[in-house]
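Chemist: Below you'll find the structure I mean.
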Amino acid sequence: MCKIFENLSFAIIILIFTITINSGCVLSVIEQNENVGVVEKPQQSIFTVINTTDVKNPSITSSIHLPFRSGLNNNVILSRKYAYVTTETELLIIDISNPQQPSYQTSISFPEAIGKAHISDKHVIVASKNKFYLVDCSNPLQPALQSQASLHHSNEISKFDIHDSYLYVKDVNDYIHIYHLANDNFIPVKSVEIEFPSGLVGVKAMGEDVKQIVLKHRTASDSSWSLVTDATDLLEFNCVHPKVRSSNGHLVFASRRYPCDDITIVLGRDRYTPFTWKWIEDYNLEANYLAHLYLTGKKTLPKGIPTDVLYDNRYKIQFVSQDQWTHTIEYEPNQLLGILTDFQIYENFLYVANSKGFLSILDLDVHKNKRFISAITIQSQQPSSLAVEKNHVYMLAVSIVQND
Numbered sequence: 010m011c012k013i014f015e016n017l018s019f020a021i022i023i024l025i026f027t028i029t030i031n032s033g034c035v036l037s038v039i040e041q042n043e044n045v046g047v048v049e050k051p052q053q054s055i056f057t058v059i060n061t062t063d064v065k066n067p068s069i070t071s072s073i074h075l076p077f078r079s080g081l082n083n084n085v086i087l088s089r090k091y092a093y094v095t096t097e098t099e100l101l102i103i104d105i106s107n108p109q110q111p112s113y114q115t116s117i118s119f120p121e122a123i124g125k126a127h128i129s130d131k132h133v134i135v136a137s138k139n140k141f142y143l144v145d146c147s148n149p150l151q152p153a154l155q156s157q158a159s160l161h162h163s164n165e166i167s168k169f170d171i172h173d174s175y176l177y178v179k180d181v182n183d184y185i186h187i188y189h190l191a192n193d194n195f196i197p198v199k200s201v202e203i204e205f206p207s208g209l210v211g212v213k214a215m216g217e218d219v220k221q222i223v224l225k226h227r228t229a230s231d232s233s234w235s236l237v238t239d240a241t242d243l244l245e246f247n248c249v250h251p252k253v254r255s256s257n258g259h260l261v262f263a264s265r266r267y268p269c270d271d272i273t274i275v276l277g278r279d280r281y282t283p284f285t286w287k288w289i290e291d292y293n294l295e296a297n298y299l300a301h302l303y304l305t306g307k308k309t310l311p312k313g314i315p316t317d318v319l320y321d322n323r324y325k326i327q328f329v330s331q332d333q334w335t336h337t338i339e340y341e342p343n344q345l346l347g348i349l350t351d352f353q354i355y356e357n358f359l360y361v362a363n364s365k366g367f368l369s370i371l372d373l374d375v376h377k378n379k380r381f382i383s384a385i386t387i388q389s390q391q392p393s394s395l396a397v398e399k400n401h402v403y404m405l406a407v408s409i410v411q412n413d
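Quick note, our numbering runs 9 ahead of the 1-based positions in the sequence shown.
Shown next as C-alpha cells:
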C-alpha cells in the first residue's frame with residue numbers, strides 16, 4: 010500500500026512539473042507575440058515637392074515614396090532637371106523635370122552606410138564614415154562609381170563642402186583636409202589644423218588653402234563678424250555652428266547662443282546707413298511662428314495694428330504695437346515645430362524645416378519689418394533635408410508608422 014502511494018505521489022509530481030513547463034512555454038510565446046506587435050515598421054523615405062510661387066501661400070505639389078530608408082544624416086541636392094537623394098546605402102536619382110510628377114529613375118548602391126552628398130560639375134561626391142566616393146553622373150540614368158578616397162582608419166569625417174574643383178573635409182580631430190578633383194580622382198593637397206576650434210566661425214575656400222575666421226571675444230560686437238560678412242566663398246561648415254548657409258550676400262547659421270533661438274542671421278554693412286553695423290540677429294523661429302498664427306490666424310489683436318515681436322529667455326512672446334499697446338503670451342520651446350533639421354537660402358528668402366513636419370519661409374531683406382512670411386505643415390513627415398529652386402522646394406523626409 011505504501012508503495013502504491015509512493016508511485017501515485019511521484020506521478021502527480023511529474024504531472025505538475027510538466028504542466029508548469031508547458032505553461033511557461035505558452036506564456037513565453039504570448040510575451041514574444043506581444044512584443045512583436047509593438048515593433049515599429051521600417052521608416053519610409055518620402056520625396057515631397059512644395060510649390061512656393063506664392064511665398065505667402067506655399068502648397069504641396071506632389072509626394073512619392075522611395076524604395077529605400079533614409080535618416081537625418083541624408084540629404085537631397087539638385088542638378089538641372091534631376092534631384093539626387095542619399096539614403097542609408099544608396100544614391101537615388103529622381104527626375105523633377107515635371108515637379109507635379111517627380112519620377113524615381115535609378116540608384117547606385119554603396120558597400121557601407123553613407124551620409125550626405127554634394128555636386129561638382131558632372132560628379133556627385135558621397136561621404137561615408139571615413140570615405141569619399143566620386144560618382145560620375147554625366148548620364149544620370151546610368152551613374153557610375155569612378156573612384157574613392159579615405160581618411161585614416163581611426164579618423165572620421167565631420168562635414169565637407171566643395172568649391173570649384175576642390176573638396177574640403179573637416180574631420181572630428183579639428184583638421185581640414187583639402188583634395189583636388191582631377192581626372193576623376195581625389196588628389197590630396199594638404200591638411201590644415203584648425204587654429205582655434207571653439208572660436209572658428211567661418212572658413213573661406215582659397216583653392217589649395219583655406220582662411221580661418223575666428224571670433225576673438227565671442228560677443229555680438231566682435232569685429233571678426235565683419236570678416237565673415239565681407240567674405241565670399243565661405244564653406245558650409247565651421248566649429249561654432251552646426252549648420253551654415255551662405256548665398257547672395259546672406260549668411261545664416263543654426264544658432265547655439267540661446268536654447269530658444271533657432272537661427273542666427275549675420276548682417277553686413279547697411280547700404281542705407283553705411284556707418285551703422287549690426288553684426289548678428291538671433292531669431293526665434295517658433296516664437297515668431299506662434300506670433301504669425303496669433304496675428305494673422307484665428308486670433309487677432311484688439312487694435313488690429315501690425316506689430317513687432319519681442320521675446321525673452323523665459324519663453325514669453327511680447328507683442329508691441331505702434332501705439333505702445335502690449336500683450337504677452339507664453340509658449341514652450343520646440344513643442345510645436347520641433348528641432349531645426351535643415352535650412353536653405355534662395356534669393357532673399359530662407360526656407361527652414363523642423364522635425365515635426367513644418368516648412369517655414371522667412372524674408373532675409375533687412376529692411377522688411379516682418380521676417381516671418383508663411384509656413385506649411387507636412388503632416389506626419391519628419392523632414393531631414395531641403396533643396397530649393399525657383400518656385401519649388403524639394404524635401405527629403407521620413408514617415409514612421411507603427412503596427413496596430
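A virtual CB, placed ideally from N, CA and C, is assigned to each residue, including glycine.
For a quick check, are the C-beta atoms of LEU359 and ALA263 less than 9 angstroms apart?
Modeler: Residue numbering aside, residue 359 sits at position 350 when the sequence shown is read from its first letter. Residue numbering aside, residue 263 sits at position 254 when the sequence shown is read from its first letter. Not a contact, by the Cβ cut-off of 9 angstroms.
Chemist: Using only alpha-carbon positions, find the residue among ILE185, PHE205, SER207, ASN84 that is nearest to VAL198.
Modeler: As a working mapping, residue 198 is identified with position 189 in the sequence shown. Per the Cα distances, ILE185.
Chemist: Entirely within the stretch 382-409 and at least 4 residues each: give me those alpha helix (DSSP H) ranges in chain order.
Modeler: Listed in chain order, nothing qualifies, since the stretch 382-409 has no complete alpha helix (DSSP H) run of 4 or more residues.
Chemist: Looking at the secondary structure, which residues open and close the beta strand (DSSP E) in which SER68 lies?
Modeler: By 1-based counting over the sequence shown, the position of residue 68 is 59. SER68 -> beta strand (DSSP E) spans 68-75.
Chemist: Are the CB atoms of MET404 and VAL58 within a distance shorter than 9 angstroms?
Modeler: Here residue 58 refers to the residue found at position 49 when the sequence shown is read from its first residue. Here residue 404 refers to the residue found at position 395 when the sequence shown is read from its first residue. A contact, by the Cβ cut-off of 9 angstroms.
Chemist: Let me know the beta strand (DSSP E) ranges lying completely inside the stretch 204-247, each 3 residues or longer, listed in chain order.
Modeler: 209-215, 218-223, all fully within the stretch 204-247.
Chemist: In or out: SER118 buried (at least 16 other Cβ within 10 Å) or exposed?
Modeler: To locate residue 118, count along the sequence shown from 1; it is residue 109. Exposed, because fewer than 16 other Cβ atoms sit within 10 Å of the Cβ of SER118.
Chemist: My assumption, with CB atoms under 8 angstroms, is that PHE381 sits in contact with HIS301. Please give the rounded CB distance.
Modeler: As a first step, residue 381 must be located in the sequence shown, where it is residue number 372. As a first step, residue 301 must be located in the sequence shown, where it is residue number 292. Yes, they are in contact, since the Cβ atoms of PHE381 and HIS301 sit about 5 angstroms apart, within 8 angstroms.
Chemist: Whose CA, out of ASN257, ALA191, LEU371, lies closest to the CA of ALA158?
Modeler: Taking the first residue of the sequence shown as 1, we reach residue 158 at position 149. Ranking the options by Cα distance to ALA158, first place goes to ALA191.
Chemist: Label SER394 either buried or exposed according to how many other C-beta atoms from any shown protein chain fall within 10 Å of its C-beta, with 16 as the threshold for buried.
Modeler: In the sequence shown, counting from the first residue as 1, residue 394 sits at position 385. Under this definition SER394 is a buried residue.
Chemist: For TYR298, write down the residues that DSSP places opposite it in a beta bridge.
Modeler: Indexing the sequence shown from 1 puts residue 298 at position 289. Paired residue(s): none; TYR298 is not in a bridge.
Chemist: May I have the straight-line CA-CA distance separating ASN139 from LYS377, to the nearest angstrom?
Modeler: Taking the sequence shown and counting its residues from 1, one reaches residue 139 at position 130. Taking the sequence shown and counting its residues from 1, one reaches residue 377 at position 368. One C-alpha to the other measures close to 44 angstroms.
Chemist: Suppose the cutoff is 8 angstroms on Cβ atoms and the five residues either side in sequence are ignored; what does the same chain contact list for LEU478 look like?
Modeler: Past the boundaries of the shown model lies residue 478; the chain is included only from 10 to 413, so the question cannot be answered.
Chemist: If you follow the beta strand (DSSP E) that HIS161 is in, where does it begin and where does it stop?
Modeler: Here residue 161 refers to the residue found at position 152 when the sequence shown is read from its first residue. Run containing HIS161: none; DSSP gives neither H nor E here.
Chemist: What would DSSP say about THR57, mapped onto helix, strand or coil?
Modeler: Along the sequence shown, one-based indexing puts residue 57 at 48. Strand, per DSSP.
Chemist: Could you give the first and the last residue of the continuous beta strand (DSSP E) run that contains LYS140?
Modeler: Along the sequence shown, one-based indexing puts residue 140 at 131. Here the beta strand (DSSP E) through LYS140 covers 140-145.
Chemist: Note down, in chain order, each residue of its chain lying with its Cβ closer than 7 angstroms to the Cβ of THR29, except the 5 sequence neighbours on either side.
Modeler: For this step, residue 29 is matched to residue 20 along the sequence shown. At THR29 the pLDDT is 44, less than 50, meaning the model places this residue with poor confidence and gives no usable figure here.
Chemist: Mapping DSSP to helix, strand and coil, what is HIS250?
Modeler: Residue mapping note: residue 250 aligns to position 241 of the sequence shown, counting from 1. In the structure shown, HIS250 sits in coil (DSSP, three-state: anything other than H, G, I, E or B).
Chemist: Got a sec, what are the start and stop residues for the beta strand (DSSP E) THR273 sits in?
Modeler: Residue numbering aside, residue 273 sits at position 264 when the sequence shown is read from its first letter. Start and end: 272-275.
Chemist: Pick out whichever of GLU245, ASN293, GLY124, THR70 has its Cα sitting closest to the Cα of VAL94.
Modeler: Here the question's residue 94 lines up with position 85 in the sequence shown. Answer by Cα proximity: GLY124.
Chemist: Use the C-beta contact count for THR61: other C-beta atoms within 10 angstroms, 16 or more gives buried, fewer gives exposed.
Modeler: To locate residue 61, count along the sequence shown from 1; it is residue 52. The residue is buried, with at least 16 neighbouring Cβ atoms inside 10 Å.
Chemist: For SER163, count the other beta carbons within 10 Å of its own beta carbon; 16 or more makes it buried, fewer makes it exposed. Which is it?
Modeler: Taking the first residue of the sequence shown as position 1, residue 163 is located at position 154. Its Cβ having fewer than 16 others within 10 Å, SER163 is exposed.
Chemist: Tell me the residue span of the beta strand (DSSP E) that contains PHE352.
Modeler: As a first step, residue 352 is located in the sequence shown; it is residue number 343 there, counting from the start. Residues 349-355.
Chemist: By Cβ distance, which residues of its chain are closer than 8 angstroms to SER414, with the 5 residues on each side in sequence left out?
Modeler: This structure leaves residue 414 out entirely; the chain is present only between 10 and 413.
Chemist: Flag this pair as yes or no: are the beta carbons of ILE86 and ILE385 separated by less than 9 angstroms?
Modeler: Counted from its first residue, the sequence shown places residue 86 at position 77. Counted from its first residue, the sequence shown places residue 385 at position 376. Not in contact: ILE86 and ILE385 (Cβ atoms no closer than 9 angstroms).
Chemist: Report the rounded CA-to-CA distance for PHE352 versus SER389, giving the unit in angstroms.
Modeler: To locate residue 352, count along the sequence shown from 1; it is residue 343. To locate residue 389, count along the sequence shown from 1; it is residue 380. Distance between the alpha carbons of PHE352 and SER389 is about 19 angstroms.
Chemist: Does the Cβ-Cβ distance between LEU244 and ASP173 come in under 9 angstroms?
Modeler: Translated into positions along the sequence shown, residue 244 becomes position 235. Translated into positions along the sequence shown, residue 173 becomes position 164. Going by C-beta atoms, LEU244 is not nearer than 9 angstroms to ASP173.
Chemist: For a test of the three-state rule: what should DSSP assign to LEU154, helix, strand or coil?
Modeler: Here residue 154 corresponds to residue number 145 of the sequence shown, with the count starting at 1. Correct three-state label for LEU154: strand.
Chemist: Are the CB atoms of TYR188 and ALA214 nearer to each other than 9 angstroms?
Modeler: Locating residue 188 in the sequence shown gives position 179, counting from the first residue. Locating residue 214 in the sequence shown gives position 205, counting from the first residue. Contact flag unset, no.
Chemist: Nearest-angstrom Cα distance between ASP104 and GLY258?
Modeler: Taking the first residue of the sequence shown as 1, we reach residue 104 at position 95. Taking the first residue of the sequence shown as 1, we reach residue 258 at position 249. Near 31 angstroms, if we compare the C-alpha coordinates of GLY258 and ASP104.
Chemist: Using the C-alpha atoms, what's the distance from TYR355 back to SER256?
Modeler: Counted from its first residue, the sequence shown places residue 256 at position 247. Counted from its first residue, the sequence shown places residue 355 at position 346. Distance between the alpha carbons of SER256 and TYR355: 7 angstroms.
Chemist: Take the Cβ of LYS179 as the centre, count every other Cβ of all protein chains shown within 10 Å, and call the residue buried at 16 or more, exposed below.
Modeler: For the purposes of this step, residue 179 is identified with residue 170 of the sequence shown, where counting begins at 1. It is buried - the Cβ of LYS179 has at least 16 other Cβ atoms within 10 Å.
Chemist: Take TYR175 and list the residues in its own chain whose beta-carbon comes closer than 8 angstroms to its own, dropping the five residues that flank it on each side.
Modeler: Residue 175 sits at position 166 when you count from the first residue of the sequence shown. Counting only Cβ-Cβ distances below 8 angstroms, and skipping sequence neighbours, we find ILE187, TYR188, HIS189, LEU190, VAL198, ALA214, GLY216, GLU217.
Chemist: How is VAL64 classed by DSSP in three states: helix, strand or coil?
Modeler: Counted from its first residue, the sequence shown places residue 64 at position 55. Looking at VAL64 - three-state DSSP - the assignment turns out to be coil, as it is neither helix nor strand.
Chemist: Can you tell me whether GLU99 is buried or exposed? The criterion is at least 16 other CB atoms within 10 Å of its CB, across all chains shown.
Modeler: Position 90 of the sequence shown holds residue 99. With 16 or more Cβ atoms within 10 Å of its Cβ, GLU99 is classed as buried.
Chemist: State the Cα-Cα distance for the pair THR309 and ASN297, rounded to the nearest angstrom.
Modeler: Against the sequence shown, residue 309 aligns to sequence position 300. Against the sequence shown, residue 297 aligns to sequence position 288. For THR309, the pLDDT reaches just 43, beneath the cut-off of 50, and the residue's location in the model is therefore unreliable, although a value from the coordinates is still provided. Approximately 15 angstroms between the Cα atoms of the pair.
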